[in-house]
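Undergrad: Under my numbering, residues 1 to 190 are what the sequence shown spells out, in order.
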Amino acid sequence: MRYVVPLALLLVCLLAVPAHADTKPASLKELGRSLDDLAKRIGDLITEAGKDPDERKIQVYLDYTPDQLRIKKREVHVEDLVKFMVDPKKNFNVRIKAKDAIAGGTLRGDPDLSRAEKKRGMSKRAWFSNQFLVANLDHEDARTRKMCKDLLDNWWRGNANVANILAYDVGEKKTWSKAKRAWTKMLRKK
Numbered sequence: 001m002r003y004v005v006p007l008a009l010l011l012v013c014l015l016a017v018p019a020h021a022d023t024k025p026a027s028l029k030e031l032g033r034s035l036d037d038l039a040k041r042i043g044d045l046i047t048e049a050g051k052d053p054d055e056r057k058i059q060v061y062l063d064y065t066p067d068q069l070r071i072k073k074r075e076v077h078v079e080d081l082v083k084f085m086v087d088p089k090k091n092f093n094v095r096i097k098a099k100d101a102i103a104g105g106t107l108r109g110d111p112d113l114s115r116a117e118k119k120r121g122m123s124k125r126a127w128f129s130n131q132f133l134v135a136n137l138d139h140e141d142a143r144t145r146k147m148c149k150d151l152l153d154n155w156w157r158g159n160a161n162v163a164n165i166l167a168y169d170v171g172e173k174k175t176w177s178k179a180k181r182a183w184t185k186m187l188r189k190k
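1) Which word fits A163, buried or exposed, when buried means at least 16 other C-beta atoms lie within 10 angstroms of its C-beta?
2) If you count every other CB in all the chains shown that lies within 10 Å of the CB of S129, and 16 or more means buried, which is it?
3) Count the other CB atoms, across all protein chains shown, that sit within 10 Å of the CB of I71; report buried if there are 16 or more and exposed otherwise.
4) With distances taken from CA atoms, which of E79, D36, T65 and F84 is nearest D54?
5) Quick one: what's got a C-beta closer than 6 Å to R123's C-beta in the same chain, skipping five residues either side?
6) At the level of alpha carbons, what is the spacing between R120 and Q131?
7) Does the Cβ-Cβ distance between L137 and K180 come in under 8 Å?
8) At which residue ranges does the region 150–187 contain complete alpha helix (DSSP H) runs of 4 or more residues, listed in the order of the chain?
9) Using three-state DSSP, classify A21 as helix, strand or coil.
10) Return yes when the Cβ of I58 is within less than 8 Å of the Cβ of A191, no when it is not.
11) Taking the beta carbon of L133 as the centre, do at least 16 other beta carbons fall within 10 Å, making it buried, or is it exposed?
12) Taking its Cβ as the centre, do 16 or more other Cβ atoms sit within 10 Å of A21, making it buried, or is it exposed?
13) I'd like the list of long-range same chain contacts for E75, defined as Cβ closer than 7 Å, with 5 residues on each side in sequence excluded.
14) Answer with buried or exposed for T144, where buried requires no fewer than 16 other C-beta atoms within 10 angstroms of its C-beta.
15) Which one of D150, M147, R188 and L62 has the shortest CA to CA distance from D110?
16) Is it true that the CB of W156 sits closer than 8 Å to the CB of T106?
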């Protein structure tokens with residue numbers, strides 16, 4: 001055990017030296033900078049390794065270009081983000097990032113959230129809203145219900161003037177099923 005720290009230090013020093021055999025640090029100052037750079041890279045790797053794997057997937061989705069969003073066999077779809085958002089066991093900041101990425105998907109041109117393209121007789125956004133957001137308006141977790149309501153309100157604000165939709169209250173269970181039926185009925189026309 002007493003050799004672990006010196007061996008680790010030696011490994012760090014070896015990694016800090018450039019790969020070219022004939023290239024040696026010109027000074028201790030240069031070696032110090034190389035070690036600082038290496039320490040930063042190791043710190044970045046440790047930070048990245050500590051992230052929730054789903055947070056990485058959210059970032060993958062956010063990094064897609066509009067052309068990449070049109071590829072059907074891509075790694076991450078907006079439906080995957082809903083799974084992260086509605087998971088009450090997940091870190092709440094990750095859940096919020098997933099919600100924000102879903103909301104931003106409409107602005108970035110995700111075809112799965114298109115109002116122009118159709119799926120099963122309604123717009124893809126209406127289908128998505130009904131399948132993944134309306135379906136979770138009665139979720140066991142209040143935060144999930146609130147995030148789904150917020151996304152629905154954001155996307156369909158001017159269209160949701162139905163009394164049962166307006167009466168929906170995240171904390172009032174008796175309003176949930178009526179709101180779900182009203183949302184489904186309204187979205188089928190979109």
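Cβ coordinates follow ideal geometry from the N, Cα and C atoms, glycine included. Bear in mind the structure is a predicted one, so any value in this text is a computation, not a measurement.
TA: According to the data block:
1) exposed
2) buried
3) exposed
4) F84
5) Note that residue 123 corresponds to Ser in the displayed sequence, not to Arg. Excluding sequence neighbours, S123 sits near R115 and K190.
6) 12 Å
7) yes
8) 163–166 and 176–187
9) The predicted model places A21 with a pLDDT of 45, which falls under 50 and marks its position as unreliable; any figure quoted below should be read in that light. Coil.
10) The question about residue 191 has no answer, for the chain in this structure spans 1 to 190.
11) buried
12) The pLDDT assigned to A21 is 45, lower than 50, so where the model puts this residue is not dependable; a value taken from the coordinates is nonetheless given after this. The residue is exposed, with fewer than 16 neighbouring Cβ atoms inside 10 Å.
13) V60
14) buried
15) L62
16) no
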